[in-house]
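One structure below.
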Amino acid sequence: MLTSDKNEQTAPEKTNPENSKPMLFPVSPKLAAEAMVDDEKYRQMYQQSIVNPQGFWREHGQRIDWFTPFTKVKNVSFDDHHVDIKWFKDGTTNVSHNCLDRHLETKGDQVAIYWEGDEPGEQREITYRELHEEVSRFANALKSQGVRQGDVVAIYMPMVIEAAVAMLACTRIGAIHSIVFAGFSPEALAGRIIDSNAKIVITADEGVRGGRTTALKANVDEALTHPDIRTIEKVIVYRRTGADIPWHNHRDVWWHELQQLSSPHCQAREMGAEDPLFILYTSGSTGKPKGVLHTTGGYLVYASMTHEYLFDYRDGEVFWCNADVGWITGHTYVVYGPLCNGATIVMHEGVPNYPSVNRVSQIVDKYNVNILYIAPTAIRALMAHDKQAVEGTSRKSLRLLGTVGEPINPQAWHWYHQTVGEGRCPIVDTWWQTETGAAMITPLPGATALKPGSATRPFFGVMPALVDNMGNIIDGPGEGNLVILDSWPGQARTVYGDHERFVQTYFTSFKGMYTTGDGARRDEDGYYWITGRVDDVINVSGHRMGTAEIESAMVAHHQVAEAAVVGYPHDIKGQGIYVYVTLNSGVDYSFDLAADLKKWVRQEIGPIATPDIIQNAPGLPKTRSGKIMRRILRKIAAGECDSLGDTSTLADPSVVDQLIADRVEVS
Ligand code: WT7
C-alpha cells in the first residue's frame, strides 16, 4: 500500500512457508516464577494498559524522576487534520539527571560502561560517578562553545564512550542531538546538517572498526565545504587514534582541551516533557531521509520501561546491545534505556567477527554478559562459521538473548538458541522502528512462549492491528498492513521542521491509525509475524534504506539515464540491493562501468548503500502512465520469473523478456 506505485498491489506478498507449523518454546517454570512478569501478569497488565491507558501510564510514568510532576498523561490526536501527540506534557524532568545523577547515591561506584576496543586488549571502564563528571564537564564545554537550549548538535562519532558522553551532555543542557552514523559519507552528513541547521559537529580524528580506520574528521571537513551549510560554528574533535588531521584554527577544537578547561559541575536543566530530545534521520519510501523527532519525558519512560521488562533486567546484570549509536537501537538500548535503569552496559567499538569469528562470544565471557541483544544479520554472519563462532568460550553468564532489526529466519533463530545460548536462554525477538522509539511487539521472557520467527505479542499500551488495503480492520488470524491504533509514550512526535510530512507519511494511508509500513500476519494465538516492508524501503543488514535514495544517487551519475532499485533475498544481509540501470544513449554497459557505479553510490551515501548487483536494463517495465512496476523487478531479482503476475498493464510488455534474459544470477 502506501507508495507512489498506485497501480500495484503492494500488500504483503509472502508468508514464510517455514512458519506454517512453528515450534513452540514454552517459558520454563523457573523463569516464569523468577521473572518480573509471567503470562497471567502480562495479560492483566496489558488489559489494564488498553482499557485505561491514562491510569496505566500515570502509574508507570513515575518510573523516572520528575522535577515537576505531571498531571496530564496522554493528550493525543491521530486525526490527519490535526495530528498531535503529547505525553506527560506539564511535567518537567531531565534525561541526563535520570541516567546519571539519580544513581550516584546507590551506584556511584558501579561500572556504567565497559568499553571494548576494536582490537582485543584495548579496553576502558567508567563508573556512574565518573560518567556523571565527564558528562557535566562536556555539558559545560558545549555551553562554552555557544550551544544553548534548543540548538541542534550533530554527532558523527565512532563507538567510543565519548559518544555517550556527548549525547548525555546535550540532554543535560537541553540541546537536541542529531547523530549521523559514522559510516555515512560526507555528502549524507552534509544533507543531515543542512536539514537540521546544526550549530556544532562533534566527531573524532578517526574511527576504528574491523581493523580499518575511517577518516571522520576529514569527512566532516569535506561535508562542511557544502555551500548550503551556514550554521556550523565549531567542530569538536575527540582524539581516538592520534592520526595527523587537517586543522582549522578558527573552527576546530579538541575535546580533551575543552574537558580540561571545563568545570565538573553542571546542573541538569529542567526540561518540559515535550521538549525535543533528539533527531534521528531515517529512510522512507520517498524523498530524502526524514529527521524523526523524539521528545523528552515519554521517550525516557518508554525506553527505560521496555528495557527493564523485555530483558527482565535485574540490578547488577551486564547488558550488551551491540548496535551502533548511529541507529535508534543504539540510542534506546545502548544508552538511554539501560542507563536510566542504572544498568552496567558493554559498548563494543568494532564488528562482531573481527579479529576472529568468536569475538562476540569472547566479549560475552570477558564481561560476564547476562543479556545479549544483536541483529539477525550478525547472527547469520556468525552462523556461517557454526561452532567456530563460539570456540573456546563458555557463555555461561548468558541468561537471555535478543534480536532486532529485521525478521529472523527460523534457521538463524535455532542456531542462536542452540549454539550461542546452549538451549538455555529465551530469545526476545523485538519488533520496532526508529519512529516507535522502543520495542512494540516482543515476547516478555517470563511470560511468552516463543515461536521462532515471530515477534509474538504487543508490549503494554501498544494496540497493533492488521488492515487490508482499503483500511478495513482484519479480525482474528489473517494478514495485512500493520498499523497501530493508538499512541504510546515513546512515539515520534513529528518530522523535524516538516510536520506535514509526518502526517502524510504515517497518518493518511489509513485514517486515524499510525501506519508502520510493514506487513504482518497474525496467527490463531494472536502472535504477530512480520513479513517485511510493504513500501519501497528495503532492509539491508538491519539497516533501513529507501530505494528512492539509492535511485537518486544512481541517476546523479553522468552516464545513467534511469535506475530502479529493489531488494532481493540475501543469505547474510537479509536483503541485498539489486539495481536495474538504464544508461544514457551512446554509453555501453561494461563490468568496469558497473564497478564504477557501485563506487559512486558508496561515495554518495556510504558503504551500507553499495549495490550488490547491477543489471543493465535498456528498458524498465512501466505502466502506461509511466510508473515503474517494481513488483515485477522484485520478482526477477529474486529469480521468481515464473510468477510475475499480471503484466498486461505494461506499456511495453516485451521489456520483461529482455530483463529476464539479462538477469544477473545471484550467488
Ligand atoms: C524496520 C524499522 C527497530 C530498530 C532497528 C531498525 C524492521 C525491525 C524487526 C523484527 C521483523 C523488524 C521492520 C521495521 N524490523 N525489527 N524484530 N522483525 N522486522 O529500525 O531502521 O527504523 O527499521 O525494521 O521492517 O519497519 P529502523
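Residue numbering for the sequence shown follows full-length UniProt numbering, beginning at 1 and increasing consecutively.
Glycine included, each C-beta is placed from N, C-alpha and C at the ideal position.
Asked: M545 lies in the beta strand (DSSP E); which residues open and close that run?; Found: H543 to G546
Asked: DSSP three-state label for M629, please.; Found: coil
Asked: R663 to N322, Cα distance in whole Å?; Found: 37 Å
Asked: Does DSSP put V357 in a helix, a strand or coil?; Found: coil
Asked: Would you please state the rounded distance, in angstroms, between the beta carbons of A389 and S361? I believe it to be under 8 Å.; Found: 7 Å
Asked: Residues in its own chain within less than 8 Å of Q145 by CB, not counting five upstream and five downstream?; Found: I200, E233, K234, I236, V253 and L258
Asked: What's the gap between the Cα of T456 and the Cα of E524?; Found: 12 Å
Asked: With distances taken from each beta carbon to the nearest heavy atom of the ligand WT7, which residues come in below 7 Å, in chain order?; Found: T282, W327, I328, T329, T403, V404, G405, E406, P407, I408, D429, T430, W431, W432, Q433, T434, E435, A455, T516, G517, D518, I530, G532, R533, N539, G542, H543 and R544
Asked: Thinking C-beta only, is G207 closer than 7 Å to A182?; Found: yes
Asked: Would L300 pass as a contact of C266 if the rule is Cβ separation under 7 Å?; Found: no
Asked: Which same chain residues end up closer than 7 Å to N98 when comparing Cβ atoms and leaving out the 5 residues on each side of it in sequence?; Found: I64, D65, L300 and C340
Asked: By how many angstroms is the C-alpha of G284 removed from the C-alpha of G453?; Found: 25 Å
Asked: Pick out the complete beta strand (DSSP E) segments inside the UniProt domain "AMP-binding enzyme C-terminal" (549–627), 3 residues or longer, and give them in chain order.; Found: 560–570, 574–583 and 613–616
Asked: Quick one: grab the DSSP three-state call for E479.; Found: strand
Asked: Could you spell out the range, first to last residue, of the beta strand (DSSP E) harbouring L485?; Found: Segment: none, L485 is in no beta strand (DSSP E) and carries neither H nor E.
Asked: Considering only the beta carbon of each residue, do L633 and A564 sit closer than 7 Å?; Found: yes
Asked: Specify, as a first and last residue, the run of the beta strand (DSSP E) that residue 682 falls within.; Found: Only positions 1 to 667 of the chain appear in the structure, and residue 682 is not among them; the question remains open.
Asked: Within a Cβ cutoff of 8 Å, which residues of the same chain sit near A561, ignoring the five residues on either side of it in sequence?; Found: V555, T582, L583, N584 and S585
Asked: Quick one: measure Cβ to Cβ for L216 and A198, integer angstroms, because I've assumed they're closer than 8 Å.; Found: Rounded, the Cβ-Cβ distance is 16 Å, inconsistent with contact.
Asked: Looking at the structure shown, is P276 part of a helix, part of a strand, or coil, going by DSSP?; Found: strand
Asked: Quick one: complete alpha helix (DSSP H) runs, 4+ long, within the UniProt domain "Acetyl-coenzyme A synthetase N-terminal" (42–99)?; Found: 53–60 and 95–99
Asked: Ignoring anything shorter than 4 residues or poking outside the stretch 388–435, list the alpha helix (DSSP H) runs there in chain order.; Found: 410–415
Asked: By a C-beta neighbour count over all protein chains shown, 10 Å radius and 16 as the cutoff for buried, is L261 buried or exposed?; Found: exposed
Asked: Using 7 Å as the threshold, is the C-beta distance between T306 and A438 below it?; Found: yes
Asked: With DSSP run on the structure shown, which of helix, strand or coil describes D386?; Found: helix
Asked: What span of residues does the beta strand (DSSP E) with E162 cover, start to end?; Found: Looking at the DSSP string, E162 is not in any beta strand (DSSP E); the run it does join, the alpha helix (DSSP H), is I161 to I173.
Asked: What is the residue span of the beta strand (DSSP E) that L142 lies within?; Found: Per DSSP, L142 belongs to no beta strand (DSSP E); it is in the alpha helix (DSSP H), Y128 to S144.
Asked: For the candidate residues K86, G532 and V135, whose alpha-carbon lies nearest to that of S263?; Found: V135
Asked: Nearest-angstrom Cα distance between G497 and N370?; Found: 41 Å
Asked: Just to confirm before moving on: does the CB-CB distance between I430 and T442 stay below 7 Å?; Found: The sequence given here places Thr at residue 430; Ile does not occur at that position. Result yes, Cβ atoms of T430 and T442 sit closer than 7 Å.
Asked: Helix, strand or coil for H226, going by three-state DSSP, please let me know.; Found: coil
Asked: With the cut-off set at 7 Å, would you say A637 and I614 are in Cβ contact?; Found: no
Asked: When you compare each of P464, I408, D657 and G546 to P611 by their alpha carbons, which one comes out closest?; Found: G546
Asked: Run through DSSP, which three-state label would Y496 get?; Found: coil
Asked: Which residues in the same chain have their Cβ closer than 6 Å to the Cβ of I345, if we skip the five residues on either side of it in sequence?; Found: I113, F319 and P338
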